[in-house]
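Asker: Sequence lines, in order, name chains Y, G and U.
Counting in my numbering, the first sequence runs from 1 upward without gaps.
Counting in my numbering, the second sequence runs from 1001 upward without gaps.
Counting in my numbering, the third sequence runs from 2001 upward without gaps.
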Amino acid sequence: MTTHPLLKVRDLRVVFRRRGEPDTVAVDGVSFDVAAGQVIGLVGESGCGKSVTSMAVMRLLPARGVEISGSIELDGVELLALSDSEMRERRGRDVSMIFQDPLSSLNPVIPIGLQITEVLRRHRGMGKAQARAEAVELLDRVGIPEPRRRLDTYPHQLSGGMRQRALIAIALACRPRLLIADEPTTALDVTIQAQILGLLSDLVRETGTALVMITHDLGIVAGMCETVNVLYGGRIVERAQRHRLFGTPRHPYTHGLLRSIPRLDSPPGEKLAAISGSMADNLPWAHSCAFAPRCPRVLETCLDITPDAETSGGRLLRCHNPVPASAE
Amino acid sequence: MTTFTARRKARIDELAGGRSLTSEAFRRLRRDPVAITGAVVVGLFVVVAALAPLLAPHGAAETFVELKRDLRPGTIPGPMEGFPLGSDQLGRDFLSRMLLASQQTLLVGVLATVIGLAVGVVIGTIAGAFGGWVDTLLMRLTDVLLAVPHLLLAISVAALAANPSQTTVIIAVAIVGVPIFARLLRGSMLAQRESDHVVAVTALGVRRSAVVLRHMLPNAIGPVIVQATLTLATAILDAAALSFLGLGDADPGRAEWGLMLAQAQAYLDVRPALAFFPAVAIIVVALGFTLLGESLREALDPKGSR
Amino acid sequence: MLRFVVRRLLQVIPTLLLLSLLVFWWLRSLPGGPATALLGDKATPERIAEINRGLGLDQPILTQYWLFLGRVVSGDFGTSTITGEPVLSEIARFMPATIELSVVALLIAVLLGIPLGYLAARYRGRPLDVATVIGTLVGVAVPVFFLGYLLKQYIAVDLRLLPPSGRLSTGIDATDVTGFAVLDGLLTREFDASLDALRHLVLPAVTLATIPLAVIVRITRASVLDVLGADFVRTANAKGLAPITVRSRHVLRNALLPVSTTIGLQVGLLLAGAVLTEKVFVWGGIGTMLADAITLKDYPRLQALLLMGAVIYVVVNLLVDISYAVIDPRVRLS
Chain Y
1 MTTHPLLKVR DLRVVFRRRG EPDTVAVDGV SFDVAAGQVI GLVGESGCGK
51 SVTSMAVMRL LPARGVEISG SIELDGVELL ALSDSEMRER RGRDVSMIFQ
101 DPLSSLNPVI PIGLQITEVL RRHRGMGKAQ ARAEAVELLD RVGIPEPRRR
151 LDTYPHQLSG GMRQRALIAI ALACRPRLLI ADEPTTALDV TIQAQILGLL
201 SDLVRETGTA LVMITHDLGI VAGMCETVNV LYGGRIVERA QRHRLFGTPR
251 HPYTHGLLRS IPRLDSPPGE KLAAISGSMA DNLPWAHSCA FAPRCPRVLE
301 TCLDITPDAE TSGGRLLRCH NPVPASAE
Chain G
1001 MTTFTARRKA RIDELAGGRS LTSEAFRRLR RDPVAITGAV VVGLFVVVAA
1051 LAPLLAPHGA AETFVELKRD LRPGTIPGPM EGFPLGSDQL GRDFLSRMLL
1101 ASQQTLLVGV LATVIGLAVG VVIGTIAGAF GGWVDTLLMR LTDVLLAVPH
1151 LLLAISVAAL AANPSQTTVI IAVAIVGVPI FARLLRGSML AQRESDHVVA
1201 VTALGVRRSA VVLRHMLPNA IGPVIVQATL TLATAILDAA ALSFLGLGDA
1251 DPGRAEWGLM LAQAQAYLDV RPALAFFPAV AIIVVALGFT LLGESLREAL
1301 DPKGSR
Chain U
2001 MLRFVVRRLL QVIPTLLLLS LLVFWWLRSL PGGPATALLG DKATPERIAE
2051 INRGLGLDQP ILTQYWLFLG RVVSGDFGTS TITGEPVLSE IARFMPATIE
2101 LSVVALLIAV LLGIPLGYLA ARYRGRPLDV ATVIGTLVGV AVPVFFLGYL
2151 LKQYIAVDLR LLPPSGRLST GIDATDVTGF AVLDGLLTRE FDASLDALRH
2201 LVLPAVTLAT IPLAVIVRIT RASVLDVLGA DFVRTANAKG LAPITVRSRH
2251 VLRNALLPVS TTIGLQVGLL LAGAVLTEKV FVWGGIGTML ADAITLKDYP
2301 RLQALLLMGA VIYVVVNLLV DISYAVIDPR VRLS
């Protein structure tokens, strides 16, 4: 592993301010690294801050009503200090993103071809013909049949899987160093999901692009990511290598997430463990652990003191009463 | 340990804090300055209209010697003792006419809207509840009514009467609203028909009329009520336009802002106040209904404000 | 594409048929029956009987409707009771004035409305947006004829900046070629006539443009706001495209789809507004013709204008639908 990570996020904090309403802290002191060619996962239920984190890295959050602090370094360059136009130069070229809903993420009234070539022409300075030729190649590489003919079709004429492939082609057009995939398969059928994930893995391996996988689906994480960050209430509650995290989850939340997945080797008739309740917003970490109201291992301390993140043996953990390492 | 459980529960409640959709809508309305402005204007208008006979010092048709004395081509007497706003073009008390006119304007606007709404709701309910050829026929009919530009439609209906009157104005303006209400209600009825809760009560064997009237209509009526508020504004403006074209209320004993404005145009260079007062009154009232309607629409839209 | 056009054309036919039925019924429910209504003051028992025979009112109702349809299709709307001239030739004579006025008003509304609506959306919540929104609300609430009189009184009569009424000043020698005064001046190289016609156009066109302008601004603003929040705009930004590309190709192109429909709908407002505006500015177009017809109970005129207004409205919206299909690929295929 290189000493100099490609993406270095430190103490990222995103606060939404709306007039007449209390501030919402969406991301609260998140730090993580991604090395070139590495695949990491950001996991959590909706509202945990994983998407906001990715939008902050892309600097795609609205300028008004949002306060971002901390540091986001890409290859040694502080992204939060860049001007809008400097950031625009980097988006799509050095760092790009794939979104959840491929239909609504593509412009409905212009053909697929133009949506690919416009990135190539913007960032790689290609001419019209050259960009078209490159677009055909890109579509071919993401597994779209008859790529030349597809250039002139519109998004609604493609199937869901094909649309996501087109979006991947757009994202990878300029061979970015970092790719962020925000729930890239949630809107797709299960069989298509596997195809798209396979495609992403292959492309990342071939091109050496680092990948940040954002998902609520632990199955995806288990199959792809080297390091997994589990987010709750805008903070990372546990981070570990994939095998260690899945083998011995220490945070009660991670533990609960893993136990809520049906397993083939569990005895028939055994009840699935559900995590009761749902997550709340505003200031969940003020003078307590945000997970405490739902936690099966909750102690009196959890309601009085905010747990700090502690790192030991390559594992980050934010809990007063973690699951013993021997459990399971 | 009891305190611990209690504290934990308190923390859960504190974090949950959810509200229902309707109370959320009202909460938003109460804090929306636009909604408050609209409501205040409309409220004031209704109060003045209701109390107009008490507030007005004189009758709408009464002429006064003091006013008529100075009335000649090129001069209309302005404010004087006993007549705070002066005279109108015929030697009547302008203030009394302004006040009394609010009542007629409200009457015309509300009656026209309510009649249009009632007929539109019946058509829309039948079309939306039954579907099929009934729906097709009724919607073709509303298509045709919508195909005629709305003022043109009002004009042609009003022109049918041998003598224009308040009734013809109300009917003409009401007919313009019918296709709009019918279409809107049908649309939201159709959406209701597909919805799970209606499918559920139908599956339970509830009578069809009960399903339509008790389960579909109440849920579908929201956008129609919003539209009615907005239509009140256009109804008042359309009535004024009809008056301007000579299709308004011909009864000289009644004052109505639209008619007053239409007749005052000829004296714009002599006494502009005769036109400005009713004009501003119409604009403010129309604006009030529009603001109220728009903020209602926004508040009822669960997707949030825009 | 062709199939779409044909299908839309076929859909218009029942609407037009129903419309003719409505006008037919309207004519029959006129006070005193159609004959009296058509003749107006010149009604004598003999003439009434003659008209009744001529209109086939002694025939069965279906035959009557058939005859009526035949007359409508051949453009026979009878003669005006005011002028005694065939209504159709009157319309042909007055039409250019109204078209000229409406086109200029629509141009003002569109060319001013779309940029204003776009800017309001882009600077949402800032002073420009707030002012624009208030402006559109007030614009719709002001009675058209009152605004017309205000402009006429203060700009034309008091300040003498522009002519108060009519289409051309007296003493201007203009050759009539097309009936469009501004265009005629250009065609015949009588530029002073063109300029004079243009000066006459300003106030009526501004008056007529107010409501369509307010509506177009509102729809554009709402539509742009909608598109600005769309996922594909986020994608476009994530691609790092130049701001101008994002705005034109991704935001405007999508946002203008609903606006184009609205522009079609404005034609109805223009026709109705023309009645009021033309009366204020003594414009001498279809609107004046209609206003006079109302005052003098000229039912043949009213009937023809009513039918014509509806047909124009239907046809324009058909054209809008078709052009919509050209810009929006999704409509073409569904």
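Beta carbons: idealized from backbone N, C-alpha and C, even for Gly.
Small disclaimer: the values here were computed from a predicted structure and weren't measured.
What's the gap between the Cα of U:A1977 and the Cα of Y:F99?
Answerer: With chain U covering only 2001 through 2334, there is no way to say anything about residue 1977 of chain U.
Asker: Counting only Cβ-Cβ distances shorter than 8 Å, please list the residues of the region 2083 to 2100 of chain U near chain G, keeping chain order.
Answerer: Hits within the stretch: zero.
Asker: In the DSSP output, what is Y:M97 paired with across the bridge?
Answerer: By one-based count along the first sequence, residue 97 of chain Y stands at place 97. Note: Y:M97 sits in a beta bridge opposite Y:I180.
Asker: Return the Cβ separation of U:L2067 and U:G2075 in integer angstroms, given the expectation that the two are a contact with Cβ distance under 8 Å.
Answerer: Here the question's residue 2067 of chain U lines up with position 67 in the third sequence. Here the question's residue 2075 of chain U lines up with position 75 in the third sequence. About 14 Å separates the two Cβ atoms, so there is no contact after all.
Asker: With 8 Å as the threshold, decide whether the Cβ of G:R1069 is near any Cβ in chain U.
Answerer: Locating residue 1069 of chain G in the second sequence gives position 69, counting from the first residue. For G:R1069, the answer is no, since every Cβ of chain U falls outside 8 Å of its Cβ.
Asker: Among the residues of its own chain, which have a CB less than 7 Å from the CB of U:V2275, if the five just before and after it don't count?
Answerer: Position 275 of the third sequence, counted from the start, is the residue given in the question as residue 2275 of chain U. So the qualifying residues of the chain are G2287, L2290 and A2291.
Asker: Hey, is Y:R175's beta-carbon within less than 8 Å of any beta-carbon in chain U?
Answerer: The residue labelled residue 175 of chain Y in the question sits at position 175 within the first sequence. No, its Cβ sits nowhere closer than 8 Å to a Cβ of chain U.
Asker: If you measure beta-carbon to beta-carbon, which residues of the region 2118 to 2141 of chain U are closer than 8 Å to chain G?
Answerer: From the region 2118 to 2141 of chain U, only L2137, V2138, V2140 and A2141 have a Cβ closer than 8 Å to chain G.
Asker: In chain order, what residues of the same chain lie with their CB nearer than 8 Å to the CB of G:R1019, ignoring the 5 residues before and after it?
Answerer: The residue you call residue 1019 of chain G lines up with position 19 of the second sequence. Confidence at G:R1019 is low in this model, with a pLDDT of 47, below 50, so the placement of that residue should be treated as unreliable; the coordinate-derived value is given next. Contacts found: R1027.
Asker: Whole angstroms is fine: what's the gap from U:S2334's alpha carbon to Y:I236's?
Answerer: Here residue 2334 of chain U is taken as the residue at index 334 of the third sequence, counted from 1. Here residue 236 of chain Y is taken as the residue at index 236 of the first sequence, counted from 1. Unreliable placement is indicated for U:S2334, whose pLDDT of 48 sits below 50; the coordinate value is still reported in the next sentence. Rounded to the nearest angstrom, the two C-alpha atoms are 46 Å apart.
Asker: What are the boundary residues of the alpha helix (DSSP H) that Y:N229 is part of?
Answerer: If you number the first sequence from 1, residue 229 of chain Y lands on position 229. From DSSP, Y:N229 is part of no alpha helix (DSSP H) but of the beta strand (DSSP E) over T227 to Y232.
Asker: From the DSSP output, in three-state form, read off Y:K8 for me.
Answerer: Here residue 8 of chain Y refers to the residue found at position 8 of the first sequence. Of the three classes helix, strand and coil, the one that applies to Y:K8 here is strand, per DSSP.
Asker: Short of 7 Å in beta carbon distance, which residues of its chain neighbour G:N1219, apart from the five on each side in sequence? Order them along the chain.
Answerer: Looking up residue 1219 of chain G in the second sequence gives position 219. If we look at G:N1219 and ignore the five residues flanking it on each side, its Cβ neighbours are Q1192.
Asker: Determine the burial state of U:R2007: buried for a count of at least 16 other Cβ atoms within 10 Å of its Cβ, exposed for fewer.
Answerer: Your numbering for residue 2007 of chain U matches position 7 in the third sequence. The residue in question, U:R2007, is exposed, as its Cβ has fewer than 16 Cβ neighbours within 10 Å.
Asker: Taking only three categories from DSSP, how would you classify U:V2280?
Answerer: Residue 2280 of chain U sits at position 280 when you count from the first residue of the third sequence. Note: U:V2280 maps to helix in three-state DSSP.
Asker: Along the beta strand (DSSP E) that carries Y:I214, what are the first and last residues, could you check?
Answerer: Position 214 of the first sequence, counting from 1, holds the residue named residue 214 of chain Y. Its beta strand (DSSP E) spans residues A210 to T215.
Asker: What does a CB cutoff of less than 6 Å around Y:E328 pick up in its chain, not counting 5 residues either side in sequence?
Answerer: On the first sequence, residue 328 of chain Y is found 328 positions in, with the first residue counted as 1. At Y:E328, the pLDDT of 43 sits below 50, so the modelled position is not reliable and the matter cannot be decided from this model.
Asker: Please tell me whether Y:G314 has its Cβ less than 8 Å away from any Cβ of chain U.
Answerer: Position 314 of the first sequence, counted from the first residue, corresponds to residue 314 of chain Y. No - not a single Cβ of chain U is within 8 Å of the one on Y:G314.
Asker: Is it buried or exposed, Y:K128, if we count other Cβ atoms within 10 angstroms and call 16 or more buried?
Answerer: Mapped onto the first sequence, residue 128 of chain Y falls at position 128. Y:K128 should be labelled exposed.
Asker: Counting only C-beta atoms, is G:G1246 closer than 8 Å to chain U at any point?
Answerer: As a first step, residue 1246 of chain G must be located in the second sequence, where it is residue number 246. Yes, G:G1246 lies at the interface with chain U (some Cβ there is under 8 Å from its Cβ).
Asker: When the Cα atoms are used, what is the spatial distance from U:Q2059 to G:A1239?
Answerer: Sequence index remark: in the third sequence, residue 2059 of chain U carries index 59 (1-based). Sequence index remark: in the second sequence, residue 1239 of chain G carries index 239 (1-based). Cα-Cα distance, rounded: 39 Å.
Asker: Quick check on U:H2200 - is its C-beta less than 8 Å from some C-beta in chain Y?
Answerer: Walking along the third sequence from the start, residue 2200 of chain U turns up at place 200. No - not a single Cβ of chain Y is within 8 Å of the one on U:H2200.
Asker: Could you round the C-beta distance between Y:A181 and Y:L200 to whole angstroms and report it? I think they count as a contact, below 8 Å.
Answerer: Sequence index remark: in the first sequence, residue 181 of chain Y carries index 181 (1-based). Sequence index remark: in the first sequence, residue 200 of chain Y carries index 200 (1-based). So it is a contact: roughly 7 Å between Cβ atoms.
Asker: Report buried or exposed for U:Q2011, applying the criterion of at least 16 other Cβ atoms within 10 angstroms of its Cβ.
Answerer: In the third sequence, the residue the question calls residue 2011 of chain U occupies position 11. Answer is exposed; the Cβ neighbour count stays below 16.
Asker: Contact criterion: CB-CB distance below 8 Å. Does U:K2279 meet it with respect to chain Y?
Answerer: As a first step, residue 2279 of chain U must be located in the third sequence, where it is residue number 279. It does not: the Cβ of U:K2279 has no partner Cβ on chain Y nearer than 8 Å.
Asker: Within this structure, are the beta carbons of Y:T249 and Y:H255 separated by less than 8 Å?
Answerer: Against the first sequence, residue 249 of chain Y aligns to sequence position 249. Against the first sequence, residue 255 of chain Y aligns to sequence position 255. Here residue 249 of chain Y turns out to be Pro, not Thr, going by the sequence shown. Yes; because the gap between Cβ atoms is below 8 Å, this pair is in contact.
Asker: Taking the DSSP output, what are the residues bridged to Y:L316?
Answerer: Counted from its first residue, the first sequence places residue 316 of chain Y at position 316. Y:R239 and Y:T311.
Asker: Using only the alpha-carbon positions, how far apart do Y:V14 and Y:A26 sit?
Answerer: Within the first sequence, residue 14 of chain Y is the residue found at index 14, counting from 1. Within the first sequence, residue 26 of chain Y is the residue found at index 26, counting from 1. Roughly 6 Å between the two C-alpha positions.
Asker: Counting along the chain, where does the beta strand (DSSP E) carrying Y:G70 start and finish?
Answerer: Against the first sequence, residue 70 of chain Y aligns to sequence position 70. That run of the beta strand (DSSP E) goes V66 to L74.
Asker: Cβ atoms of G:L1085 and G:M1098: under 8 Å apart, would you say?
Answerer: Here the question's residue 1098 of chain G lines up with position 98 in the second sequence. Here the question's residue 1085 of chain G lines up with position 85 in the second sequence. Cβ distance < 8 Å, so G:M1098 and G:L1085 count as in contact.
Asker: Rounding to the nearest angstrom, what Cα-Cα distance links G:L1185 and G:H1215 in this structure?
Answerer: The count along the second sequence starts at 1 and reaches residue 1185 of chain G at position 185. The count along the second sequence starts at 1 and reaches residue 1215 of chain G at position 215. Going from the Cα of G:L1185 to the Cα of G:H1215 covers about 14 Å.
Asker: For Y:P322 and Y:V95, what's the separation of their Cα atoms in angstroms?
Answerer: Taking the first residue of the first sequence as 1, we reach residue 322 of chain Y at position 322. Taking the first residue of the first sequence as 1, we reach residue 95 of chain Y at position 95. Near 36 Å, if we compare the C-alpha coordinates of Y:V95 and Y:P322.
Asker: Name the chain U residues whose beta carbon is nearer than 8 Å to that of Y:D101?
Answerer: What you label residue 101 of chain Y is simply residue 101 of the first sequence in a count that begins at 1. The answer, in chain order, is D2231.
Asker: Measuring CB to CB, does U:P2163 end up less than 8 Å from U:V2157?
Answerer: As a position in the third sequence, residue 2163 of chain U is number 163, starting the count at 1. As a position in the third sequence, residue 2157 of chain U is number 157, starting the count at 1. Their beta carbons are not under 8 Å apart, which means U:P2163 does not touch U:V2157 by this criterion.
Asker: Can you tell me which of the three DSSP states U:P2212 falls into?
Answerer: Start at 1 with the first residue of the third sequence, and residue 2212 of chain U comes out as number 212. Correct three-state label for U:P2212: helix.
Asker: When you compare each of Y:C289, Y:F16 and Y:L317 to Y:L350 by their alpha carbons, which one comes out closest?
Answerer: Residue 350 of chain Y falls outside the range modelled here, since chain Y spans only 1 to 328, and no answer is possible.
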